[in-house]
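To keep things clear, I will list the structure first and then write my remarks on it.
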């Protein structure tokens with residue numbers, strides 16, 4: 001079976017249309033980035049995130065109400081994998097000082113309700129936990145279990161025989177869990193995953209991501225400049241910027257538009273972008289390799305012809321590889337689960353745009369550059 | 001055919017190697033099923049024999065039994081070690097990054113900190129958060145600005161600022177070491193499987209705890225400060241008495257009403273004696289005493305520890321052990337026998353003579369006279385007084401140094417120590433001495449750590465991810481394979497074979513290098529499936545072109561391949577580079593992705609350039625019709 005064999009499409013002749021097309025998408029993307037911005041996940045912003053799976057379907061709006069006046073500031077609630085899962089996110093990493101007393105009060109109320117004659121007192125407290133001493137050691141394990149059932153992480157202070165203290169974790173996720181349990185006692189949930197990222201780590205990850213992307217661009221520039229002429233390297237990198245910016249634009253435009261598609265920049269999304277960079281270069285190099293070959297063989301032919309022929313000859317391969325990769329990424333998008341969704345989406349769009357840019361951005365760039373410097377390109 | 005022999009052998013060798021490397025993963029999954037059913041049986045039996053056990057204890061005993069099963073069968077251990085490791089996002093578990101809270105450490109180390117100091121310290125702490133500079137240097141700066149000498153709060157008046165700064169930085173680094181040992185101790189005790197505790201940089205610790213099913217377990221690690229205790233070890237006579245009592249009671253309890261001695265073959269006498277011994281002396285058969293030694297220390301195999309713990313948990317046994325003593329295990333194993341570790345167990349007083357708060361400092365050294373490793377220990381005045389009394393009253397007895405319930409050393413008290421400065425001898429090597437130094441300091445000095453990053457994946461999400469990843473891989477593989485046959489007919493099948501080999505080789509390499517498979521890693525494999533066909537497509541399209549210029553099939557294959565090399569090479573190298581960069585800058589899951597991407601590129605290149613080539617060449621040589629669609 002064949003498709004697109006022996007085509008003779010004048011790609012470069014039509015490049016002005018491509019410019020308009022690209023220009024349009026880039027502008028829309030940039031406008032959206034400026035005004036709507038993009039959303040960073042807690043990997044970069046820091047904060048707490050907890051994914052819960054309920055036994056029965058839930059209403060997001062209901063949960064938002066319960067969690068909105070918890071004193072945790074801005075709390076986001078999104079769906080997570082179906083009608084029974086939610087993702088709760090807070091910008092804070094630990095319980096704020098003003099809220100602390102209320103949490104302690106709730107904790108003590110729980111103990112008092114279930115063990116009215118137990119006497120206990122606070123012996124230590126840190127930002128993230130409180131330690132109590134009970135007078136009746138035998139009640140220790142059941143108190144711990146009760147707290148656990150009410151959403152608080154509690155455990156024995158030490159494994160000593162005569163230990164009479166217990167320590168309770170007082171964290172964002174505990175407070176959220178306690179409140180949800182109190183408000184929806186007949187819809188039990190389990191914790192699917194939980195993330196807590198401090199601001200320092202968030203900053204470091206941001207820095208690392210930027211360095212990684214810049215390094216990738218430099219490496220590619222150098223390698224391509226070495227294997228091809230410098231102008232080709234520039235063309236490839238130009239196509240890359242084009243791809244990354246438009247994909248970022250799509251992120252910005254579609255953020256929160258499609259339910260179930262959580263488009264925020266997390267570490268795996270950055271990984272997807274880097275992969276996209278690698279893949280797009282892949283594509284572009286195939287075309288450039290053909291151009292290089294054509295120039296070597298047809299030394300006297302005009303550059304435009306050589307490039308056009310090269311693109312035409314490589315179309316079958318470009319289409320097929322893009323197709324197979326796209327099929328695979330689509331499978332990931334639909335069957336790969338919630339965790340990988342944004343990752344798969346990035347690749348999906350990126351591959352589409354990357355294929356387009358190999359044919360309509362990278363090569364025209366080379367041509368325009370050659371025309372400006374009024375010199376031909378020889379290998 | 002001769003010309004192909006080398007390549008065919010190479011390919012078959014690679015396939016065989018991959019299958020061999022992957023076998024443990026398969027074996028382990030089968031073993032796990034078997035073990036889980038055994039554990040179910042154990043659970044039921046435990047419920048009947050020990051119905052009063054708390055949930056905590058119960059789960060702990062079950063997990064110890066699991067360890068026992070693994071320890072007893074070397075094949076199980078082998079398969080477990082060699083299988084493909086699953087990342088935390090696939091098997092569930094906790095990932096923690098902890099950092100020493102330098103400000104708090106400085107606060108605790110400072111002598112007579114006043115309000116001014118605390119204010120300046122607070123400022124320094126805030127500043128350190130914004131800039132990325134060390135709290136110690138900022139504090140030193142600020143104190144200088146306020147015309148206060150560092151020696152007012154730290155070190156001695158004779159030291160100048162730079163000396164004190166560097167000693168404080170050492171303290172910081174020390175604190176991390178202490179924290180790591182404390183955490184490791186607790187993790188070992190609570191039986192987390194394949195935990196990982198790594199130091200990162202000067203101030204951080206990375207802890208990975210796979211398979212934590214209840215978060216509660218993990219939190220134990222981070223709570224409370226370490227408890228260092230000095231407890232007197234009971235004399236041999238008394239210890240043997242207690243052990244005998246336990247042994248007799250145990251034999252009584254375990255005797256079943258229908259206990260008869262099998263008068264069978266005389267050839268099985270040796271086995272019967274061992275069995276009989278185990279029946280008559282259940283305690284001593286697993287807690288072995290060395291008759292030559294003046295001490296009544298018992299040695300227990302790792303796999304027997306759960307059994308022993310279960311025995312100790314029984315109220316009848318607890319009644320037989322006097323209220324003021326308990327059995328304690330050594331932290332590190334004594335020796336290894338038949339691939340199993342042996343732990344020493346001693347009987348100590350329940351009440352501690354002293355706790356770690358009295359220790360001021362400890363150093364590991366080499367004794368200049370004997371060249372043996374020793375540890376020097378200094379106590380404060382209150383501790384020194386007590387210590388003088390304790391050592392005076394217990395000469396020739398041993399004193400166990402216990403951290404969080406586990407024994408690290410039990411040196412003999414030779415004479416009364418009036419000054420609070422003790423020398424601990426009889427240490428095996430310098431490593432042991434250094435460990436003891438850390439332990440002594442751990443009980444005395446603070447090691448405040450903050451959790452700055454924490455990620456937990458529950459087991460159900462982990463299992464879901466595995467399923468989704470697995471399904472996606474199969475579907476992706478299937479669709480791409482179908483397409484290749486559709487577009488390239490017979491040679492498409494060849495490309496598909498190369499594709500399957502690619503996936504096989506990737507998995508084999510992951511297993512061979514004990515690499516970790518994460519969810520993004522699976523995504524990397526799926527992506528590789530999509531991209532792996534690329535090389536084949538380039539080659540096939542080129543061959544089609546060459547054929548259309550009229551070349552023979554053999555010549556077309558030849559030139560098709562040679563003309564494609566440059567394109568394939570250049571394009572894949574750049575993707576490989578991005579993989580390398582991702583590996584460097586990523587962590588955990590992202591690294592898993594970069595890894596499978598890089599391995600995938602290498603394998604797909606091998607498959608396309610060697611496997612497909614060989615098959616095509618063979619077909620052409622045999623004169624078969626090579627139909628490239």
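Protein chains in written order, with the working numbering: chain A, 1 to 379; chain B, 1 to 629. Virtual Cβ for every residue (Gly too), placed ideally from N, Cα, C. All figures in this text were calculated on a predicted structure; none of them were measured in a lab.
Residues sharing a beta bridge with residue i, DSSP
| i | result |
| --- | --- |
| residue 399 of chain B | B/232 |
| residue 409 of chain B | B/401 |
| residue 125 of chain A | A/130 |
| residue 468 of chain B | Paired residue(s): none; residue 468 of chain B is not in a bridge. |
| residue 361 of chain B | B/378 |
| residue 349 of chain B | B/325 |
| residue 679 of chain B | With chain B running from 1 to 629 in the structure shown, residue 679 of chain B is simply not present. |
| residue 50 of chain A | A/88 and A/194 |
| residue 129 of chain B | Note: residue 129 of chain B sits in no beta bridge, so no partner. |
| residue 167 of chain A | A/131 and A/155 |
| residue 311 of chain A | Its beta-bridge partners do not exist; DSSP assigns none. |
Which listed residue (the options) has its alpha carbon closest to that of residue i
| i | options | result |
| --- | --- | --- |
| residue 182 of chain B | B/449, B/531 and B/136 | B/449 |
| residue 34 of chain A | A/250, A/94 and A/318 | A/250 |
| residue 368 of chain A | A/9, A/8 and A/16 | A/16 |
| residue 274 of chain A | B/285, B/583, B/33 and B/147 | B/583 |
| residue 258 of chain A | A/372, A/110 and A/342 | A/342 |
| residue 171 of chain A | A/83, A/356, A/371 and A/49 | A/49 |
| residue 7 of chain A | A/317, A/349 and A/330 | A/317 |
| residue 83 of chain A | A/69, A/365, A/132 and A/60 | A/60 |
| residue 630 of chain B | B/26, B/516, B/296 and B/501 | Any answer about residue 630 of chain B is impossible in this case: the structure gives chain B only from 1 up to 629. |
| residue 483 of chain B | A/279, A/370 and A/327 | A/327 |
| residue 352 of chain B | B/515, B/401, B/395 and B/474 | B/401 |
Span of the beta strand (DSSP E), counted from its first residue to its last, around residue i
| i | result |
| --- | --- |
| residue 99 of chain A | First-last for residue 99 of chain A: undefined, no H or E at that position. |
| residue 191 of chain A | 189–197 |
| residue 314 of chain B | Run containing residue 314 of chain B: none; DSSP gives neither H nor E here. |
| residue 102 of chain B | Segment 102–109 is the alpha helix (DSSP H) holding residue 102 of chain B; no beta strand (DSSP E) there. |
| residue 208 of chain B | 204–210 |
| residue 285 of chain A | Premise fails: residue 285 of chain A lies in the alpha helix (DSSP H), 267–297, not in any beta strand (DSSP E). |
| residue 199 of chain B | 196–200 |
Residue range of the alpha helix (DSSP H) that includes residue i
| i | result |
| --- | --- |
| residue 383 of chain A | Here chain A comprises residues numbered 1 to 379, so residue 383 of chain A is not present and cannot be evaluated. |
| residue 79 of chain A | Note, residue 79 of chain A: premise wrong, no alpha helix (DSSP H); beta strand (DSSP E) at 75–79. |
| residue 85 of chain A | Per DSSP, residue 85 of chain A belongs to no alpha helix (DSSP H); it is in the beta strand (DSSP E), 85–90. |
| residue 156 of chain B | Here residue 156 of chain B belongs to no alpha helix (DSSP H), and DSSP marks it neither H nor E. |
| residue 619 of chain B | 613–621 |
| residue 62 of chain A | 60–68 |
| residue 372 of chain A | 363–372 |
| residue 36 of chain A | Counting along the chain, residue 36 of chain A falls outside any alpha helix (DSSP H), and DSSP gives it neither H nor E. |
Where residue i meets chain C, residues with beta-carbon distance less than 8 Å
| i | result |
| --- | --- |
| residue 523 of chain B | Included in the structure are the protein chains A and B, with no chain C among them. |
Listed from N- to C-terminal order along the chain, which residues in the region 190–202 of chain A have their beta-carbon within a distance smaller than 7 Å of any beta-carbon of chain B? The residues in question are 190, 191, 192, 193, 194, 195, 196, 197, 198, 200 and 201.
Relative to chain B, which residues along the region 317–333 of chain A have a C-beta separation below 8 Å, given in chain order? 317, 320, 321, 323, 324, 325, 326, 327, 328, 329, 331 and 332
Is the number of C-beta pairs between the region 139–155 of chain A and the region 169–179 of chain A that are closer than 8 Å three or more? yes
Using 8 Å as the cut-off, can you tell me whether the region 220–234 of chain A makes contact with the region 304–323 of chain A, which would need three or more C-beta pairs spanning the two stretches below that distance? no
Contact between the region 70–78 of chain A and the region 190–202 of chain A (3+ Cβ pairs under 8 Å): no
Counting only Cβ-Cβ distances shorter than 7 Å, please list the residues of the region 269–285 of chain A near chain B, keeping chain order. Correct list: 271, 274, 275, 277, 278, 279, 281, 282 and 285.
Hey, is the region 359–369 of chain B in contact with the region 320–328 of chain B, meaning 3+ C-beta pairs nearer than 8 Å? no
Three CB pairs or more closer than 8 Å across the region 530–542 of chain B and the region 559–578 of chain B: yes
Specify whether the region 69–88 of chain B and the region 108–127 of chain B touch according to this definition: at least 3 beta carbon pairs, one from each stretch, less than 8 Å apart. no
Would the region 230–244 of chain A and the region 354–361 of chain A be scored as touching if the rule is three or more Cβ pairs under 8 Å? yes
Determine which residues of the region 205–237 of chain A have a Cβ less than 8 Å from any Cβ of chain B, and write them out in chain order. 208, 209, 211, 212, 215, 216, 219, 220, 223, 224 and 227
Using 8 Å as the cut-off, can you tell me whether the region 161–178 of chain B makes contact with the region 32–50 of chain B, which would need three or more C-beta pairs spanning the two stretches below that distance? no
The region 509–527 of chain B / the region 332–348 of chain A touching (three or more Cβ pairs under 8 Å): yes
Counting pairs of beta carbons, one from the region 403–415 of chain B and one from the region 66–74 of chain B, are three or more of them closer than 8 Å? The answer is no - the region 66–74 of chain B does not touch the region 403–415 of chain B, with fewer than three Cβ pairs under 8 Å.
When Cβ atoms are compared, which residues of the region 283–302 of chain A fall closer than 7 Å to chain B? 285, 286 and 289
Say whether the region 31–47 of chain B touches the region 527–536 of chain B, bearing in mind that this needs 3 or more beta-carbon pairs closer than 8 Å, one atom from each stretch. Here the region 31–47 of chain B makes no contact with the region 527–536 of chain B; the two share fewer than three CB pairs at distances below 8 Å.
Give a yes or no on contact between the region 306–320 of chain B and the region 230–241 of chain B, applying the rule of three or more CB pairs nearer than 8 Å. Using a C-beta cut-off of 8 Å, the region 306–320 of chain B makes no contact with the region 230–241 of chain B, since fewer than three inter-stretch Cβ pairs fall below that distance.
How about the region 319–335 of chain A and the region 351–358 of chain A: do they share at least three Cβ pairs that are nearer than 8 Å? Under the Cβ criterion (8 Å, minimum of three pairs), the region 319–335 of chain A counts as touching the region 351–358 of chain A.
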